[in-house]
Structure formats: C-alpha cells, structure tokens
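Asks:
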Amino acid sequence: YSSPTKAVLGMLYQQSAGDKMNEETYDARLAGLTYDSQVLPRGVRMTFGGYNDKLGSFAAYVSNKLARNLDDSLPKDEEEFERYKDNLLRALSAFNVKEPYGHAIYYSGLTMQPRNTLYSNQHLVAALKETSLPQLVDYAKTLWASGKGEALLQGNINKKEALDIVSSIDKTLAFKTITPEQYPKRLKALPLPTRGSDKAVTRLSISEPNPSNKNAASQITLQCLKTSEKDHVLIEVISAIIEEPFFDELRTKQQLGYIVSSGVKGLDQSRFLSAIVQSNVAPAEKITSSMLTFLDSVHDKLLVPLSSLDIELYVKGLVDKRLEPDKQLAVEVTRNWSEIAYGRFQFDRLQAEVAALLDISKDDILEFWDDLYNSESSRILVTEIVPRTGQASSKEPALNGNGDKLLGINDIDGLRAAGEESLA
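Next comes the structure, spelled out in structure tokens:
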C-alpha cells in the first residue's frame with residue numbers, strides 16, 4: 189500500500205479475483221480443497237488447504253489464473269468494474285453507521301499503525317471515487333511482476349512434497365526477485381505519546397460520524413512496547429485482574445453504559461491494554477473521568493491486596509489456555525504464519541510464555557503496572573467519540589486540538605508522522 193489509491197485498487201482486485209475464482213474452483217471446493225487470496229499492505233497472501241495428493245496441482249492452477257491469466261480475474265468491462273466499485277464504496281461508507289465504540293477502537297488503532305499500512309476511511313473513499321478500470325488493469329500487472337516469496341506448509345506432507353509444491357507455485361508465478369533493500373518493511377507499532385512530568389494523558393476527541401446516534405464512547409489504551417515474553421504475559425495477568433472489577437464498577441455500580449469491556453491486543457511485538465465504555469446517558473468526558481478514576485485505584489485496591497494464591501489462580505488460567513491443544517490445524521498454521529509475517533520466527537512462543545508465567549511474582553506485577561500506567565514514560569491514549577444529539581452529547585470537538593495533549597481528528601496524521609519519525 190504505497191498510497192490510498194493502491195490500497196483501494198488492491199481491494200477491488202481482491203473482490204473481482206475472488207468472485208471469478210469462486211466460479212473456477214467450485215468443483216475443487218466440493219472435493220474438499222480450499223483457497224483464499226488477500227492483497228495486504230506488504231503483498232499478496234495465498235492460502236491453500238485440503239487433501240495433500242491434489243494440493244500441489246490445485247495451488248499451481250489457482251496461481252496461474254491469478255497471476256498469468258489476468259483476463260480471468262479482472263472485470264470484463266466498465267459495467268462490471270462499476271459494480272465492484274459501488275460494492276466497495278458501500279462497504280466503506282458503512283463505517284459511518286457503526287456504533288461509537290467501534291469508531292473509538294478504529295481511531296485509536298489508526299494512531300498506532302504506520303500510514304502506509306492503514307489509511308483512514310475518508311482517504312480510501314476519496315481515492316476510490318477517482319479509480320478507473322485501466323488503473324486496475326495496470327495495477328494487476330505490477331502486482332505479480334516482482335517480489336519476495338515466503339511459504340509455510342504444515343500437515344500431512346513430507347519435506348519433498350512441500351518443496352515440490354513451493355517449486356510449482358514459484359515457477360507459475362515467475363516473478364522477478366527483488367533485493368533485500370527493496371523488501372517492504374514489516375509492520376512496526378507506532379509509539380503513543382508519553383504522559384510526561386505533568387502525568388497528563390493524551391486525549392483524542394472526535395465527533396460521532398453518524399448524526400442520529402445518541403451514544404458516547406471512550407476508550408483508554410495503555411501501550412507496552414517491551415518485547416520480552418515476561419512483559420507480554422504480565423500485561424495479560426493485569427488484564428485478568430482488572431477485567432471483572434472494571435465491569436462491576438462501571439457497568440453494575442455506576443451504570444454508565446451497556447457496553448463495558450477491557451482486554452489485551454497485540455500489534456507487531458507490542459501489546460496494549462484497552463478499556464472501553466459506551467453510554468447513552470453519560471457524556472464522553474464523564475465516561476473518561478470514571479475510567480481514569482478506576483485505573484488510578486488499581487494499584488492500591490486490586491494489586492497490593494493480591495495474595496500468592498490469587499496470583500497462582502490468574503497464572504493457572506493463562507497457562508491452561510496456552511497448553512490446550514489446538515482443535516484445528518488452521519489454528520496452529522495461523523499462529524505460526526504470524527511469526528513469519530511479523531519477522532519474529534519464534535515458533536515456541538507459547539512454551540516460552542508458559543515459562544515466563546510460572547516465574548511471575550507480586551513485585552513483578554506491581555512494578556509492571558506502575559511502568560504501564562503511573563510513570564512519566566507511560567504511553568496512554570484516550571479516544572472519545574462525542575454524539576451530536578441526545579443526553580450523552582456535549583460540546584462538539586474541534587477538528588484540531590488546542591495543545592499537545594488534546595487532539596482532534598485532523599491531528600491524527602501528525603501524531604502518526606511523529607511516531608514514524610521516532611522509529612526512523
């Protein structure tokens with residue numbers, strides 16, 4: 189994705205090729221073979237599955253149709269192109285009618301991803317309106333012209349069979365191999381602003397895109413850029429500790445909203461703890477204040493009183509989850525492929541995290557929380573979605589913030605640029 193235009197062309201190609209190949213592979217899918225193709229920021233990902241004796245020829249056939257017979261995967265005329273374009277425009281426009289908590293999650297996620305890996309919905313819509321069929325044809329030709337291939341094969345297959353399949357696909361695609369200097373950069377999470385000496389958190393306040401929605405939402409993101417297994421499991425332990433009390437306090441006792449949740453997500457090798465509340469009775473500022481008050485009390489009310497038995501129970505729950513055998517091969521393959529896609533190649537991650545969990549102490553938890561939330565270096569972002577009408581409405585946020593710690597929707601690009609500069 190070198191531009192919003194390339195991003196929407198990729199979406200159009202994926203939509204058109206998907207439709208065409210669904211027809212081409214109908215009989216094969218009835219016979220138990222599966223295929224999927226996605227255009228991602230760093231390139232094309234093709235996934236094949238099914239009985240190993242036919243998998244190689246099936247993969248080569250699909251690869252040939254996608255990369256060499258472009259007429260079989262592109263719209264046949266302007267009318268068909270406009271249909272795909274209209275479908276995509278409708279899907280992108282549906283963003284405006286999502287729930288406010290969905291918008292809060294989207295905008296906070298946007299701030300942590302480089303601009304060439306995730307473009308704003310507004311930029312994508314604008315770019316889509318200007319695209320044409322000749323542009324899509326040219327894009328499809330360059331999509332398969334050059335690159336670098338990475339493959340993972342797992343299941344009932346030996347080394348020779350795996351290499352034969354890879355060789356078959358390689359010969360079919362026949363793209364020009366690029367140099368290491370030309371490899372597209374792997375996704376790396378952008379750092380959020382730190383609290384600083386004044387301990388103030390960065391606040392991003394945005395007007396709800398849907399004027400008829402009367403709900404307010406606020407999400408607080410606590411970002412951990414540390415990459416060790418111990419740090420990764422510590423943030424999950426913290427999440428397990430606060431999840432129930434957070435819901436009980438804001439949903440049951442304060443009755444701020446009907447959507448109250450918290451949890452941990454990952455981006456690249458970073459982890460972030462997020463807490464979100466949506467309300468039709470309280471404005472976003474009130475929600476944020478109540479959430480911060482709860483987080484301020486976590487150290488003294490939830491962590492200090494922890495006993496050894498409490499910690500053992502939280503640890504056991506996370507260990508059992510990691511040691512549970514995968515019920516489907518696809519689950520294991522997806523986990524291993526993520527190690528390749530992110531360039532980590534740590535295929536024993538689950539075992540390493542179990543070892544880290546068994547080594548956690550109360551002091552580790554207290555120290556980690558203070559670093560994550562209470563220190564000058566803590567990276568915290570509050571994302572507020574403000575409705576225009578209803579009991580939860582408040583003053584409409586400005587498009588541009590009035591300071592380093594108060595941001596508007598127009599400041600997102602600058603925030604991301606600053607994050608990219610810090611990684612350079």
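Note that this note's numbering numbers the sequence shown so that position 147 is 335, with each residue one more than the last.
Every residue gets a Cβ at the ideal spot worked out from N, C-alpha and C, and that includes glycine.
Give the range of the beta strand (DSSP E) segment to which T571 is assigned.
Replies: Residue numbering aside, residue 571 sits at position 383 when the sequence shown is read from its first letter. Here the beta strand (DSSP E) through T571 covers R567 to V574.
Asks: Please look up how many angstroms separate the CB atoms of K402 and N468, rounded, as I've assumed it's under 8 Å.
Replies: Looking up residue 402 in the sequence shown gives position 214. Looking up residue 468 in the sequence shown gives position 280. So it is a contact: roughly 6 Å between Cβ atoms.
Asks: Taking one C-beta from the region 390-409 and one from the region 559-576 each time, how about it: are there three or more such pairs within less than 8 Å?
Replies: Touching, yes.
Asks: Can you give me the Cβ contacts of N304 inside the same chain, cut-off strictly under 6 Å, excluding the 5 residues immediately before and after it?
Replies: Along the sequence shown, read from residue 1 onward, the residue named residue 304 stands at position 116. Excluding sequence neighbours, N304 sits near Y189.
Asks: For I464, list the residues DSSP reports as bridge partners.
Replies: For the purposes of this step, residue 464 is taken as residue 276 along the sequence shown, with counting starting at 1. The partner list for I464 (beta bridge, DSSP) reads Q407 and S449.
Asks: On the CB-based measure, 16 or more other CB atoms within 10 Å of its CB, does A339 come out buried or exposed?
Replies: Residue numbering aside, residue 339 sits at position 151 when the sequence shown is read from its first letter. The residue is exposed, with fewer than 16 neighbouring Cβ atoms inside 10 Å.
Asks: Name, in chain order, the residues that DSSP records as bridge partners for K364.
Replies: Position 176 of the sequence shown, counted from the start, is the residue given in the question as residue 364. Per DSSP, S334.
Asks: Out of curiosity, what's the CA-to-CA distance linking N524 and F535?
Replies: The sequence position of residue 524 within the sequence shown is 336, counting from 1. The sequence position of residue 535 within the sequence shown is 347, counting from 1. When rounded, the distance between both Cα atoms is 6 Å.
Asks: Give me the Cβ distance between S610 and P379, rounded to the nearest whole Å; I'm assuming they're in contact under 8 Å.
Replies: Translated into the one-based positions of the sequence shown, residue 610 becomes position 422. Translated into the one-based positions of the sequence shown, residue 379 becomes position 191. So it is a contact: roughly 6 Å between Cβ atoms.
Asks: Please say whether P288 and A405 have beta carbons closer to each other than 8 Å?
Replies: If you number the sequence shown from 1, residue 405 lands on position 217. If you number the sequence shown from 1, residue 288 lands on position 100. Contact: yes.
Asks: State the Cα-Cα distance for the pair K586 and S393, rounded to the nearest angstrom.
Replies: What you label residue 586 is simply residue 398 of the sequence shown in a count that begins at 1. What you label residue 393 is simply residue 205 of the sequence shown in a count that begins at 1. In the sequence as presented, Lys is not what sits at residue 586; that position holds Ala. The straight-line gap from Cα to Cα measures roughly 8 Å.
Asks: Grab the span of the alpha helix (DSSP H) containing T522 for me, first residue to last.
Replies: By 1-based counting over the sequence shown, the position of residue 522 is 334. T522 -> alpha helix (DSSP H) spans L517 to A529.
Asks: Got a sec? Which residues, its chain only, sit under 7 Å from A248 by beta carbon, not counting five neighbours each side?
Replies: Locating residue 248 in the sequence shown gives position 60, where the first residue counts as 1. Excluding positions up to five away in sequence, the list reads S356, I357 and T360.
Asks: Measure the Cβ-Cβ separation of L262 and V196 and say whether it is below 8 Å.
Replies: Position 74 of the sequence shown, counted from the start, is the residue given in the question as residue 262. Position 8 of the sequence shown, counted from the start, is the residue given in the question as residue 196. Contact flag unset, no.
Asks: Which residues mark the beginning and the end of the alpha helix (DSSP H) in which Q203 is found?
Replies: In the sequence shown, counting from the first residue as 1, residue 203 sits at position 15. P192 to E212 is the span of the alpha helix (DSSP H), which, as asked, contains Q203.
Asks: May I ask you to report which of helix, strand or coil DSSP gives V492?
Replies: Here residue 492 is taken as the residue at index 304 of the sequence shown, counted from 1. Reduced to three states, the DSSP call for V492 is coil.
Asks: Whose C-beta lies closer than 7 Å to the C-beta of K253 among residues of the same chain, with five residues either side of it excluded?
Replies: For the purposes of this step, residue 253 is taken as residue 65 along the sequence shown, with counting starting at 1. Counting only Cβ-Cβ distances below 7 Å, and skipping sequence neighbours, we find M209, E212, D260 and S261.
Asks: Please classify S251: does DSSP put it in a helix, a strand, or coil?
Replies: For the purposes of this step, residue 251 is taken as the residue at position 63 of the sequence shown. S251 falls in the helix class under three-state DSSP.
Asks: Suppose you measure from the CA of L375 to the CA of G531; what does that come to, to the nearest Å?
Replies: Position 187 of the sequence shown holds residue 375. Position 343 of the sequence shown holds residue 531. When rounded, the distance between both Cα atoms is 9 Å.
Asks: From S462, V389 and V448, pick the residue whose C-alpha is nearest to that of G454; which is it?
Replies: Taking the sequence shown and counting its residues from 1, the one referred to as residue 454 is at position 266. Looking at S462, V389 and V448, the one whose alpha-carbon comes closest to that of G454 is S462.
Asks: Quick check: the Cα distance between L494 and E437, rounded to an integer number of angstroms?
Replies: Position 306 of the sequence shown, counted from the start, is the residue given in the question as residue 494. Position 249 of the sequence shown, counted from the start, is the residue given in the question as residue 437. Looking at the two C-alpha atoms, the distance is approximately 19 Å.
Asks: For S251, does the count of other Cβ atoms within 10 angstroms reach 16, so buried, or fall short, so exposed?
Replies: Your numbering for residue 251 matches position 63 in the sequence shown. Using a 10 angstroms sphere on the CB of S251, the tally of other CB atoms reaches 16 or more, which defines it as buried.
Asks: Any idea which residues DSSP pairs D224 with across the strands?
Replies: Here the question's residue 224 lines up with position 36 in the sequence shown. In DSSP, D224 forms a bridge with T235.
Asks: Within the continuous beta strand (DSSP E) that includes R391, where are the two ends?
Replies: In the sequence shown, the residue the question calls residue 391 occupies position 203. First-last of the beta strand (DSSP E) with R391: T390 to S395.
Asks: So, are the CB atoms of A328 and K364 less than 8 Å apart?
Replies: Translated into positions along the sequence shown, residue 328 becomes position 140. Translated into positions along the sequence shown, residue 364 becomes position 176. Taking 8 Å as the Cβ cut-off, A328 and K364 do not qualify as a contacting pair.
Asks: Would I573 pass as a contact of L298 if the rule is Cβ separation under 8 Å?
Replies: Looking up residue 573 in the sequence shown gives position 385. Looking up residue 298 in the sequence shown gives position 110. Cβ atoms of I573 and L298: not closer than 8 Å.
Asks: Give the DSSP-derived three-state secondary structure of S458 in the structure shown.
Replies: The count along the sequence shown starts at 1 and reaches residue 458 at position 270. The answer is strand: DSSP assigns S458 an E or B state.
Asks: According to DSSP, is G591 part of a helix, a strand, or is it coil?
Replies: Stepping through the sequence shown from its first residue, residue 591 is reached at position 403. Strand at G591.
Asks: Closest to A605 by C-alpha separation, out of N284, L306, R278 and S225, would be which residue?
Replies: As a position in the sequence shown, residue 605 is number 417, starting the count at 1. Looking at the Cα atoms, L306 is the closest of the given residues.
Asks: Is the number of C-beta pairs between the region 419-430 and the region 552-561 that are closer than 8 Å three or more?
Replies: yes
Asks: Quick test of your reading: V503 and V425, contact by CB under 8 Å. State the CB separation rounded to the nearest angstrom.
Replies: For the purposes of this step, residue 503 is identified with residue 315 of the sequence shown, where counting begins at 1. For the purposes of this step, residue 425 is identified with residue 237 of the sequence shown, where counting begins at 1. The pair is a contact, with the Cβ atoms about 7 Å apart (cut-off 8 Å).
Asks: Taking all protein chains shown into account, do 16 or more other C-beta atoms lie within 10 angstroms of the C-beta of T390, making it buried, or fewer, making it exposed?
Replies: As a first step, residue 390 must be located in the sequence shown, where it is residue number 202. Buried, since its Cβ has 16 or more Cβ neighbours within 10 Å.
Asks: For the alpha helix (DSSP H) containing A279, list its first residue and its last residue.
Replies: Walking along the sequence shown from the start, residue 279 turns up at place 91. Its alpha helix (DSSP H) spans residues E266 to S281.
Asks: Within a Cβ cutoff of 8 Å, which residues of the same chain sit near I464, ignoring the five residues on either side of it in sequence?
Replies: The residue given as residue 464 occupies position 276 in the sequence shown. Taken in chain order, the residues that qualify are Y289, A292, I293, A405, S406, Q407, I408, I447, V448, S449 and S450.
Asks: Which two residues bound the contiguous alpha helix (DSSP H) that contains E431?
Replies: If you number the sequence shown from 1, residue 431 lands on position 243. Where E431 is concerned, the enclosing alpha helix (DSSP H) starts and stops at E417 to F435.
Asks: Put T577 into one of helix, strand or coil per three-state DSSP.
Replies: Residue mapping note: residue 577 aligns to position 389 of the sequence shown, counting from 1. For T577, the secondary structure class from DSSP, reduced to helix, strand or coil, is coil.
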